[in-house]
Structures are given as C-alpha cells and as structure tokens.
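Visitor:
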Amino acid sequence: MSSGKPLLSTSEPSSEPSPHLHHHLRHSSLTITSLGRLCHNTSVSSSVTEGTQDNNLYDLNEELEEGLKEELEEDITPLGDTGVLGNSVGCPAFLRTRKRFKSADLQVQLTPRERKRLVSWGGATDPQHVWTVHEFSGASPRVVSSGIQDTLNKSRRSERFLQISMQLKENFAHHDNPRLIHINDPKRTNDKFEFSGNEIRTSKYTILNFLPKNLFIQFHRVAYLYFLAIAALNQLPPLAVFGRTVSLFPLLFVLTVTAVKDGYEDWRRHRSDRNENNREALVLQSGEFHPKRWKKIQAGEVVKICYDETIPCDMVLLSTSDPSGIAYIQTMNLDGESNLKTRYARQETNKLVFDGTIFSGVITCEQPNRNIYEFTANLEIKGQRFPLSQSNIILRGCQLKNTEWAIGVVVYAGQETKAMLNSAMSPAKRSRLETYMNRETLWLSVFLLIMCLVVAIGMGLWLNRHKSQLDTLPYYRKIYFEKKKFGKKYKYYGIPMETFFSFLSSIIVFQIMIPISLYITMELVRLGQSYFMIGDRHMYDSSSKSRFQCRSLNINEDLGQIRYVFSDKTGTLTENKMEFRKASVWGKQYGSTLSVDGSLDTNIGAEDVLEGRRKWKLKSEITPDSELLKLLHKDLSGEERIAAHEFFLTLAACNTVVPIPTQSASSSDTDTTLGASYGIINYQGESPDEQALVAAASAYGYTLFERTSGHIVVDVNGEKLRLDVLGLHEFDSLRKRMSVVIRFPNDTVKVLVKGADTSMFSILKKDHPDDDHTKHATQSHLNEYSSEGLRTLVVASRDLTGEELVEWQCTYEDASTSLTDRSIKLRQTAALIECNLTLLGATAIEDKLQEGVPEAIESLRQAGIKVWVLTGDKQETAISIGLSCKLLTADMEQIIINGNSESECRKLLCDAKAKFCVKSANSSDQISKWIKNTESDYLEIPLDTKLSSWQQQHAGQEEGASFGPLALIIDGNSLVYILEKDLESELFDLATSCRVVLCCRVAPLQKAGIVDLIKCRSDDMTLAIGDGANDVSMIQMADVGVGICGQEGRQAVMASDFAMGQFRFLKRLLLVHGHWNYQRIGYLVLYNFYRNAVFVLMLFWYILYTAFSTTSALTDWSSVFYSVLYTSLPTIVVGIMDKDLSHKTLLKYPKLYAAGHRQESYNMSLFWITMLDMLWQSLVLFYVPLFTYRNSSIDIWSMGSLWTIAVVILVNMHLAMDIQRWVFITHISLWGSIIVTYGCMVVLDSIPVFPNYGTIYHLAKSPAYWLSILLIVVVGLLPRFVLKVLQQIFWPSDIQIAREAEILRKRRRFFGPKPDQISS
Amino acid sequence: MSSGDEISQTISKKSKKPQYSRFTQQELPACKPILTPGLVITTLISIGIIFIPIGLSSLSASENVVEIVDRYDDACVPSTGNDEAAKRERLSFIQNAKTNKTCIRNLVVPKKMKHPIYVYYQLDNFYQNHRRYVKSRSDRQYRSPKYEGDTKTCDPESEIDDHKPIVPCGLIAWSLFNDTYGISTKSNPVPINKKDIAWGSDKSSKFGSNVYPKNFQNQDPIGGGKLNESLPLSEQEDLLVWMRTAALPNFRKLYGRIETDLEANEKISVVIQNNYNTYSFDSRKQLVLSTTTWIGGKNDFLGKAYITVGGICLFLAIAFLLTYVIKPRPLGDPAYLSWNLNSAEL
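Chain order of the listed sequences is P and X. So the first sequence is numbered by the numbering used here: it starts at 2 and just counts up by one. So the second sequence is numbered by the numbering used here: it starts at 248 and just counts up by one.
#1: Around the Cβ of TRP489/X, are there at least 16 other Cβ atoms within 10 angstroms (buried) or fewer (exposed)?
#2: So, does the CB of ASP580/X fall closer than 8 Å to a CB anywhere in chain P?
#3: What does the alpha-carbon distance come out to for the pair GLY1157/P and ARG433/P?
#4: What does the Cβ neighbour count give for LEU1182/P, buried or exposed, with the cut at 16 atoms within 10 Å?
#5: Can you give me the C-alpha to C-alpha distance between THR839/P and GLY326/P, rounded to a whole angstrom?
#6: In terms of DSSP beta bridges, what is GLN780/P paired with?
#7: How far does the beta strand (DSSP E) with LEU509/X in it reach, from first residue to last?
#8: Please confirm whether PHE102/P has its beta-carbon closer than 8 Å to some beta-carbon of chain X.
#9: Could you pull the DSSP bridge partners for ASP1295/P from this structure?
#10: With a threshold of 6 Å on Cβ separation, who are the neighbours of VAL1243/P within its own chain once the five nearest residues in sequence on each side are excluded?
#11: Can you tell me the Cβ-Cβ gap for SER313/X and MET360/X, rounded? I've got them flagged as a contact below 8 Å.
#12: Taking 8 Å as the threshold (beta carbon to beta carbon), is GLY470/X in contact with chain P?
#13: Per DSSP, which residues does PHE581/P bridge with? Please list them.
#14: Can you confirm whether GLU331/X, when its beta carbon is compared against all beta carbons of chain P, has any partner nearer than 8 Å?
#15: Where are the alpha helix (DSSP H) runs, 4 residues long or more, that stay fully inside the segment 469-506 of chain X, in chain order?
#16: Does SER1110/P get closer than 8 Å to chain X when you measure Cβ to Cβ?
#17: Contact check, THR775/P vs TRP587/P under 8 Å by CB: the rounded distance?
#18: Counting only beta-carbon separations shorter than 8 Å, does LYS548/P have a partner in chain X?
#19: Go to TYR493/P, then tell me how far its alpha helix (DSSP H) extends in each direction, as first and last residue.
#20: So ILE201/P packs on VAL317/P, CB below 8 Å; how close in whole Å?
#21: Would you tell me roughly how many angstroms separate the C-alpha atoms of GLY572/P and ILE846/P, rounded to the nearest one?
#22: When we look at the beta-carbon of GLN299/P and count the other beta-carbons within 10 Å, is it buried (16 or more) or exposed?
#23: Just by C-beta distance, which residues in the segment 1228-1256 of chain P are closer than 8 Å to chain X?
#24: Whole angstroms is fine: what's the gap from ILE1133/P's alpha carbon to SER1124/P's?
#25: Tell me which residue opens and which closes the beta strand (DSSP E) that PHE706/P is part of.
#26: Could you give the DSSP three-state label for ARG1308/P: helix, strand or coil?
#27: Within its chain, find whatever has a CB closer than 7 Å to the CB of TYR1088/P; leave out the 5 residues flanking it on each side and keep chain order.
#28: How many angstroms separate the CA atom of LEU584/X from the CA atom of GLU1301/P?
#29: Looking at the unbroken beta strand (DSSP E) that takes in GLN590/P, where does it start and where does it end?
#30: Just the chain P side, please: which residues come within less than 9 Å of ASP467/X by C-beta, in chain order?
#31: Which two residues bound the contiguous alpha helix (DSSP H) that contains ALA300/P?
#32: Quick check on the burial criterion: 16 or more other C-beta atoms within 10 angstroms. Buried or exposed for ALA230/P?
#33: Compare the C-beta of SER543/P with all C-beta atoms of chain X and state if any pair is closer than 8 Å.
#34: Which residue comes first and which comes last in the beta strand (DSSP E) that contains GLY550/X?
#35: Could you confirm whether any beta carbon from chain P is found closer than 8 Å to the beta carbon of ILE301/X?
#36: Can you find at least 3 beta carbon pairs, one from the segment 391-410 of chain X and one from the segment 425-437 of chain X, that sit closer than 8 Å?
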C-alpha cells in the first residue's frame, strides 16, 4: 500500500503533460491517488472509481492515438533509463503515472519463477498470433489501460499483464543495452561484454558436484526430508529404537536408486553435449574458412555452413550460394515443422560477399530472448543501415537444405541461442487426487501426533508414579552401580526429557503412518499404467504411425475425472489437410456443380489440353473444374477473363510458399510414357491453406515456379512469367489479410490481396454498379461456403499509380528498416495500398473432419463431459463444423454473443441469461474468491456462502436444461471485453449452463484465458486438446493437456502431458484408461493409508502394554520390510492391472464415466470408513493374540512373529477381497507376498545372533498359532465383507450393476445356451 | 531435456503398431468374482460350519485342562499390610541373604491331573517387555567365548569394576528369577524334572556350550539368582527360559515338569524358597501347576471366539437369505442404473 503514494509523488514533477491534456490529467491523477490508497484492501472501492476512470481514459486514449504518437516515441528513451520503471510503455506523463503506480503494484509479485513462466508463454505463441503481444508492446493505450483496470480489479489478470510488461521490457531492452556484434571481429565483439561462448551444457552435474547436488535436489521432496529426519532421530542414543543401519536402509535404498537413475541420465546428457560441442564448422580465420570446434565459436565470427549441415549458433545470414540470397532451412528441431522455411541474406551483404570483399560492419541487435519468431536488429555497413528481421536469422539446431552453402555472422552463441533458451520443460502438474491425498495425509499426521502424545504422556505419568522405584525395578535401572561409573545415570535424563524422548522415539516407531512408500508406489503404478496406455493398440494411429505417448507421469488418474474438454478445431477435430474445393470468380461460382461421374470426361479432356504444355507435375492432384479451365483457356480479354487471370495469379503469387523443384527419379517409374522431362514441384509453406491455394492455382495452369526475395516466376500455361516483387505485407491477425506488390514485365504495378471476408469487403472499391453485382454474388457464395463448413478467403487486386507507388515505397522502406514498432509501421504502410480494391473472387477450402470425431464427441457428452471448441475460425465456419461433428444439434437453442463493446457484451450476456433463466452466482462468492486470490487467504470463505452459490448454479443449470439444450457461440472480439472485464462471472454462469460452447476467432492467449475461467471458478477438471503452437498456452493451462501429433509440428506435443495421433482416441483415453486409472489409483491410495495405519496402530496398542516404552514386538527387519517387501507388490500389481469393467462395457455406457465426476473411488467419507475399518482391524489384530496368550509363557518374539504374519495376511486378504479381476500375476504377487513373508521370517529366525532365533519353528508347531491367525483374518474382515454385501444389495453403484451385467452375460453365454460347448 | 527428446524421438522412430499380446492389451484370462447371493451365503455358511466345531473342540480342550494357581508372595513374608512400615519390613526380609525364606504352601488337587504336569511361576506387573530391559542383552557374548567382551549393549549391567565383563551380561540375566519349589504329597516327594524346559534351539545354538558364567552377581546390587559357574550357559536352562523375555507384563515361565499323575483331592505341599524380590515394586508371584492339551494351557478365549464368530456368520447367512428372498435385486439389471432411475423419476 505504502508503495502507491511515494511513487506517485516522485513521478509528478517529471510529468509535463501537453497543454490539451492538462484538464484530464488533473482530474484523473486524483482518482489514481485514491485508487492507489484503496486498491490493496478492497475491491469495492476500485470498482466504484472504475466508471469515472474509464471515461477519462477513453477520451484520452482517442486523443493519444490521434496526435501523440511522436511524443510517445520520444518518451521511450528517458523512461528506459528509469530502471525499475523501464517496463512502462511509451506514454505521455499521465499514462506513465498510472503505469508507475501499476508497476509498483506488480513489482511485488514479480518473482523469478513467474517471470520465467511468463516468458515461456511468450515464446510459445504462434507466429501468426504474435500480434497479441505486439499489440501491447506497440503501446496501444486502450489495451494497456484496460489492462490496468484489470490489475486493479482482478489480480489474477495481472499475470497476463505481467507477461505483457515483460515482453515490453524485453523489446525495449535493446534500446538501453543493445548487443553490438562486429562482423568478423570476435575480439572486439567480446571485448566489452563477455558474450557466452558456444559451448552448451544441458547436463546438470559434474563428477565433483554430483553427490552433493543430486542429494540436494532429491531432498527437495518433503517425504525424503521426513525420512531423513526420522533416520537422524534414530541415531541419537536415547532414541535408538531400531538398529542404526536398519533405520537407514529404506532411505538409502531410495536415494541410491534415484541417484543411479539421475546419474545415468546425466551421463547420457554429458555424452550428447560432448558430441555436440565437438562438432566442427567452417569459421573464417585469417581470411580463410577453417574447421573449428563448435564450442570454440564466438559471437562475431563468420561461419560457413554447407548443405545439410546443422547450424551451430544463431547467425545473421550474410550470403548464400543463391545469388538472390535465399537459404532454405529445416526447423524440425526447433518447432517440429517439417516443411522448409526460407531465410534471406540482405542483398547488400550478399553482393559484398560475392564480390569477395571481406567486409566489416556492426550489427545492433536485441538481447537474447527465447522468442523464436522474433528478431529485431540493424546492420550497419560503411555508414549504411539496413534492417534485419526474423527472416534474416538462422537459428541453432536448424539444418540447411537445398542450399549449397550459407555464410553468416554469429550473434547469439551457446546458452544464449534461442534454441537453448527454449529448451525448458513445461510446468509440472500435480494430479487432483494427489492434492486430496495430501489433505488426508494431514489427517494421518494428526493421528500420528495424537498417538505419540499418548505414548509420551503415558511415559511421563508412569515414570512419575515409579519415581522412587526406578533404581530397584529390575526392568528399569536408571544408574550404574559399577564402582567407576557409580551413580552415573544410565540413559536417564529426568522425567521431562524422558517424556520428550519418548515422544520422539514413538515418532520413529510410528513413522510409516505417513505412507512415504506410497509416493514411490504411485510413481511405479503410474509407470505401469502408462505402459498399458502406450501399448493400447486401439490408440495407435496407423496413418501417422504414432503410438499414444505419456509425457507426464503425474496425472494419469486425472483422466478419469475430466469435466471440460477444450478442443482446438483445426488439426484436432479436422485433419488440417486443406483441399481446394470451390471458387467464386467474378461473381460466378465454380466447382459446386462438379459431380463426379458427369464431369469426368470433360475433366480428362481438359487435362489433356493442359498436359501437352505442362512441364511440371504436382505431388497432389486436384480435379479442376472444367468450366473454369475453359474460361482460362480463352484469350486474355474481357473483364471476366482478366479477373480469372488475376485471381489465379494472386493465388500463385500472394503467399509465402516456396516451390522446391525435385528432379525426382520416380517420375520415370510412374510416367515412363511421358518421359523424364516432368519434374515434381513440392510446395513448402507455413500455412496449409496457402499450400492448398498454390496447388490449386497450379492445377489450373498457374504454377508457382520459383520464388526469391526479389521476384517470383509463375508458369502460366507453359509460359514463364517473371514478376518482380516490390514488397510483401505478411498476414497478420489484425488486418487479417496479406498483400503483395508486383511489377509485371510490362511495368504495370499491381497489388494483389487476399484475406478474410470481414476485413476485405470494407476496403473494396465503392460506387461501382458492376462491382456491386459481383460483390453481392460473392457475398452470397461466401455465406454458402461457410455454411458448408468451408474456409473462405477473398481475393482482390488493384493497379497502383506511379505516385502511389513512390509514396508507398518511401514509407515501406522506412517502416521495414525501423527498429521500433516495425509491425505497426508496416501495418500503416499496408493501409496505404490496401484500399479501393477490385474484388476478383473468393476461394473455399475444405478442412476435413477427422475420422470418428462426431462419435467421440457424442460419447464424451454422454459421459457428462462438456466439449468446448475454441477455434480461430469464423463464426459461420465454426458453427458449420460444430454441426458436422454433432457438437451442435438442430434442437439446440443457440446463444450468439458477438459484441463490439463492453456494454454490448454485457447486454447480450444479460439478455441471454434472462431469457434462459440462468441465475448468477452469489456475488459475495466472487469477492471472497478475489480476495482469496490476491491476498494470502486470511479471510476465510464462509462455507454456507460457497455452498449456496454452488447450489444456485446447479439449480440454474437444471432450469436451463428445461429449455432444451443451450449452445453458446461467442467470438474472440467479445471475449476481449468479457475476459478483461468483470463480465467474466456472467460468462461463466452462462457458459456452464450451456451444453456446448463454441468460441471462434480466439487468440492463443484467450484460449488459455477461457480454460482459466473454468479452472478458477470451479473445481472441475479441465482437459485441453490441440495440435498447434497456438494451443500450447491452453494445453499448459489446463489440468490435463493433450497434444495431437498432427501437421502443425510438435510444439503442442512437447507442451502436452499426453500425446496421440487422432482426436477420436480421446474417447478411449478418458472413458477407458481414465476410468481405470482413476479407480486404480483411488483404491491404491486408500489401501495404502489403511495398510500402514493398521500396522502402526497395532504397534501402538502394544506399546500401551509395555509401560509406554516404545518396544516393538516385531523384529527391526520385519518392521522395515513390512511396507517395502511384505505388502508392496500386490498393491502395485493391483494398481496397474485391476479392472472393474471391460473396455467394451465402458465404451458402450459412457455414463459410467460419471463415477469419476462423483469422486466415487476416493473421497472423504471413503477415507473415514477406511479408517474406521482400520481401527477395528488393528484392534482385532492386537487383542486376538493378547487374549489367546493371556497368562501364558509366550515370549515377545513369538508374539511379534504372530503379529507380523497376521498383519501381512490380513492386509493381503483385505486386498484380495477388493480385487475385481484376478489374473495369474495377481495370484502370484498376492500369495507370493505371504509366502515371501514366511520365507523372510524363517530366514530371520535362523540366524543365531538374533534374539528371535528359532521362534517360527517353535510357533508353527502350536495349533493355537494357526487358529489365532484364522480368527484374526475372519473377524477382521467380517464387518467389511458385510458392509460390502449390504451396499451391493441396497445401494448398488452403476459400476457394480454394469459389472454384474457384463460378467453374468458372459457366464450365460458360456454355460447357458450351449452346454455342449463346455465338454468340447 | 535434450536427452528426453532424444529418447522420445527414438521411440517414435521405432514405434510401430504395438505388438498384440493379451498382456499388453489387458485381456489376460481372468477370474472376476462378484458377490452373488449364492457366493455370499455359501461363504458365510461355510465359515459358520468350520468355525463352530473348531470352537467347540478347543473349548472342550480348554475345559479339560486342570490348573492350580497359588499366589504366595504375600503369604511368604512375615508382614502383610500396606503401610510403609510393613513394606520396609518386607523389603528388609527379602533383601537379607541370611533370613530363612522357606515357606510352605498346602494345595489341593481339584481334579485328576495326568502327567506331564507343568510347573510354572507367574509374575504379574513385571515388564519384561520394557524397552530398556529387552535391549539389555548380548546374544553374541552368550553364544561364544570369543565375544566375551562384547557387552556394550548390556548396559548398565555390562561389567564389574576393573572392566571385567560379566558373563552373561545385561539386565535380563542379572534379574534372573530364583525362587525354588519342592513338591511333595502326603506320602512322598514329587520330583520336578527341570531338564528340557528351555527351547531346544536355544540350548543347541543360541547359548554356547563353552561359555561359562563369569563375574555374575559378584557385586551389589544383586538382582536375582546366581549361576553355577561350572556349567556352561547352554545347560543353565532356568536362565534360558528367563532370557526369552515375555511379551506381556503378566507372564508365566516354565519351572519344570512333574512326570507323575496327581489324583483328585490329593493334598500337596509346596516348599518354596521365596528369594526373588518382587516387593520393591507392585508385582505378584504365583505358582501354577497345569496340565496341557493341544490348545495349550487353560484358555477359553479361542473356543468362545470361534463359536461366536461361527454363530454370527450363520445368522448373517440366514439374514441375507431372507433379504434375497424378500427383496431380490436382479443382478446386472440396467433398470437400477442411476441414470435410468433418474429418468424413471422424471
């Protein structure tokens, strides 16, 4: 709180607002001060002031946007110098004030870990969607200020905001501290700043630090610390309950196993590091290229890469073998995309190198960061400055392809390369059940504490009562009588200390009450479960040859409790194999009338015509529309013909696709008759849509043939057309279009544009009756296409006049060399020419649904899982895909939210809620939730509030259901307003009462925001599934992230917890494996709690009979072996292999999945029932032998032996009673455990130096021993058995019924109708 | 990270369709038990049928055991009473080595006792299972003369002055019980056989046949019985019995066996040397004469427990049988599935 005011006051003198701002400033700074005072304590006050703030701010913003751009930029430099406030956006004073206040607020929360995480988010954004970040960095005050509001209102938001400010920090960092690289002068480069060398180290340890470091890391686990503390306690003489070595055994065992595993992994890393570091590359040394080891390469050196070689560090391209300076690289290792990307050397440097001049120059670039899609730098040669961008840099780990050689200068080396900065694991997730488990572990600790206290207090009282006898009690002698030590106390420290020691030593004895072995057991079980999941043949995708992958071993059981599935559309629901389907050219539709058999001959005819002139063959063949083909073969005259010509020219030219001609030998095999003159062109592009369009253009005779940075060559029906590319405005998500400026051989200059319909129609040429007709026709075609679920693009073009060209060229040059806000400037430049366009037509591309998607979605829905689709597509496309994959059905009430302002969104939401009677959640709940999120939760949420709101929600849901199922369709635009504002809760209420939610036009971060919406506001488990880099944030945000190994590379897979080949496997993953895993782990945890507790309690009862002296009747080894050897294997086997229902039943009745939603396998009441059962069993365990051997000559080791075997048999029989499926392995492990226990006891009782020597031989002869074991088992398990039977008679669970049906049906099939089969 | 990628990549390169086996597809032949009414009732009835006979036979075995228990600790000291003076007097009596501690108890045999009749002494409220006590022993020293000095674990009764180790060391041996009993009927003495009262395994392997007592009970305070220094430990069976520390605070230990029958109503007199000091703490000493059966000594618990459990099981079996008859639920009937029930309600 105190931070707000001083900061404000210091900033005031420096703020020199522009005169016309003065009024606003005074007004709002007042508000800010009050805000600053209040924001920490209450949310109410901030929301009160919100209204006035908004107004001021927005007024201001408009003015800002119009007039203050330049001031903004000037402001950057001084701001950067202010250090702490360096993340402020370049805003005039007023805004800065606000920012400062905010940054002070943020600074508190900016822990290193958060920072890391946020940066990683930034790195993971999709190339196409980097804009979200850009947008903010570009100081768009509107967004920033709304961000501020948010930080004030919802601190959770601040994370998102933080990321933005981090991004800002990084972007502006190079102004303060740019990195200067002197080309070919590593000495000078590294003179001032020691840039890191190119040696990389992914290994964690060296031989020297392995032991301490590994131990240090291992002891980060609390369980191990507990282990260690217990073992250390046991080393103290007064406490030595167990033998010293015995007590260390379990800990040492676990530590050694883990250390060996870690050591082996690290050795492998060392080996790969060494290999990597010792690779060689050609480095320019004294005028010639000599091989040099990778680890010796320094920043500033000039490196030559040859064909197929891997790039050793991040380099700026200077020159390539291609005269135009193109290099093709494969970025498989970096982003997983298998297609080739083009990178360019600047023409200027390319020329210089070709001329053979050894040049020198300075590259000014940003500090190393992990964004692989961003690079901003300047190159200065001989006083000239050239801009460098992402297309001029080649990154470590990539491979040079299709290029003979490339020369570059090293800018980032070693650990500073983008590849190394990006190699961080996705955040570790923890399963829901494990969190609950920890809660119960806490209860166990309470029991443990109580037991220890009882023992300690008992000990104190006992000592007090026998105070006078302590020296004469034969079994308790507190002093020595030996002359030398006479009167010295023997292990006696006074009653208070003895009491305390007794407390500690009882902790040692009862240590396994906290089931440490459970963590190891769970890990093993999950490993086993993963083995079966990976091995499931039903989840093998034969088309991509990919198995199911478990990338995270911590959350198997979460799969059984998923409530929400957030799915990406493209590549996940659909195949992401784009196919050009239809086109509308000059208002006329082609391709829709195409019927397969009718047009076949004409097609062939057309093909023949073409075939004669075509020299290039495509890999994928498209059947062109004959009518359109005919049109294209007419002479180049008439509006329609020219439009068609330009239409296809645009398709061929306006893209970033690179044609790779491969003189394939296979052509001679397949097309022997046509001769080897046919080459095959392989199109490599970043977007599958573009590839499809280029392929389509080629099918119609416009084959893209060659592409360099300066020109493209298009083969038009056999004639090569060389077009100079003057400039290219790449696709960005704000403009939603792409344009290219082309000079034709006849010196006309044209702009060719393609883009989304919404963005295109607004920039078309107006007031032209002819065009109006075309426009309407195209518009209706577009609607038709998108209702069929096709992806549409609008194509337009325009001639450029000389003046326009000159003007554009100037700004373009300026914008593209600008270091700051390049993207904004480029966007403005694009706006210059992207106007008054002539509409040419539209394309429709089909995105095919993956196999089995509708069925899978239907099953998931039956299972009570809500499927939300989050897509970047248009609303219409999204709805049509929703319909085709059965997500939406005709009987659904569709609520469509597409507002363009906050108030509109609010109105739409409220209307929908009112119409469908969705009640809002209790507002106090929100406040308390907010408080809980911001402050440390000192404020407890009253339970009834929480409950009531929950009930209300559910009531709302039910009422909603009476209206018939609801479907919510919301677009990204509205989400901007809703997610950033306090409308979130409204959306949540509405969305949760809908059966289906479709979000279209969403950005990657919004996807994560939606997942977060559900995650924060409900206890439900979320699963996100996607295939592309744009899904990464969502995948990481969700409780379970699933990646699809699809077309869009491996980024999603790398970030995911599970990866698979097809969406439809999700059904099996959740309904079958998720269900099994949940049941298994749930039971495993409960059983382990029970197993350890029953043992500990048995010891506890005995201690009450030993004058509280923590004697254990069991031998030390038996105590240690109990949870490690005697009883561990069956639980693991059952945890891996037990199955309540067969997969057929589970798939047939998806509703059985709801057992996981109801937490049927693991919940509080089950825990308490288990604990009661445990109490009863422990009493039986202890008292049956006690009564049997009361007043007898039984010795302590015989009794201990009886208890050991009894408890092992009892817990194993308990398990046996609950096993649902006995396979031979279960039999072996269970009965084997009992046999092993006996074996161990025989061995332990055969060693004469142990006091228990010979016990078992003696005992086994006595019938009372066997009778008491039998009695213990039967009496111990009888209540459980009866309870089970009663439950199954009167309250059968769904699973129980399905199980009976499954088994009895099978039996009937075997025994019922065909009894003769049994004999045969 | 990089190695992880490597692994996953090599896996993905190798990955072909997973091999089919019933194991990997989790389709191994399996027995899937369900609690059908038949199974439940059969189980319960069979438990009942097995348990009740066992219970009856062990109860009758226990009934056949004839047991004479005689508490003699307060009868064999001059003063009774609970005041301090009496306590002091008792203590001085028992601690004085020179007083005559002979004490004669006359008992009547209630039923005919067939040989072997086991003679036990029973100590109550004597925590032989106290941790300090249980741990104070050195099994290595008892076993072999090589480890004579291995007395670290025996504190505080490990060595006498001048660092001479005590053999056998430790509190347990030090507190050896040393009351003796001589039994005679009216006519003639009844010999008590003290051979083979310890476990054979203890005699043969645990206590060395070449380990002789040394420095034992040579020094104050004297805890209990002395040992014959000319006999090896393995033959000192009283010690061996005593060293098998009892599991519970009230315990019996075997003193010897009477190899002749005792007739019903026969009067026997027991001459007790009441040496062992249990008077400094609230302990009781009892003499027990008992026959034995297959179940052990006299103990009704097992028999009664078996009969009770058997009875409960039979009762439950009948109760479940009635439930199944009155309110049967067809197994595997989908009508009982929760969603079907809900829709029926709607």
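Don't be surprised by glycine CBs; every beta carbon is placed ideally from N, CA and C. Bear in mind that the values here come from a model prediction, so they are computed numbers and not experimental data.
Guide: Checking against the coordinates, here is how it stands:
#1: buried
#2: yes
#3: 12 Å
#4: buried
#5: 34 Å
#6: Paired residues: none, contrary to the question.
#7: Run containing LEU509/X: none; DSSP gives neither H nor E here.
#8: Confidence is the limiting factor: at PHE102/P the pLDDT is only 38, short of 50, which leaves the residue's position unreliable and the question unanswerable from this model.
#9: None, per the DSSP bridge assignment.
#10: ILE1257
#11: In the sequence as presented, Ser is not what sits at residue 313/X; that position holds Val. Between MET360/X and VAL313/X the Cβ distance is about 5 Å, and since that is below 8 Å, they are a contact.
#12: yes
#13: ILE846/P
#14: no
#15: 484-490
#16: yes
#17: 6 Å
#18: The sequence given here places Arg at residue 548/P; Lys does not occur at that position. By this cut-off, ARG548/P is an interface position.
#19: Premise fails: TYR493/P is in no alpha helix (DSSP H) and is neither H nor E.
#20: Wrong, their Cβ atoms sit about 20 Å apart, outside the cutoff.
#21: 14 Å
#22: buried
#23: PRO1249, VAL1250, PHE1251, PRO1252, TYR1254, GLY1255
#24: 12 Å
#25: 703-708
#26: helix
#27: THR1132, LEU1216
#28: 12 Å
#29: 589-591
#30: PHE482
#31: Segment: none, ALA300/P is in no alpha helix (DSSP H) and carries neither H nor E.
#32: exposed
#33: yes
#34: Counting along the chain, GLY550/X falls outside any beta strand (DSSP E), though it belongs to the alpha helix (DSSP H) covering 548-573.
#35: yes
#36: no
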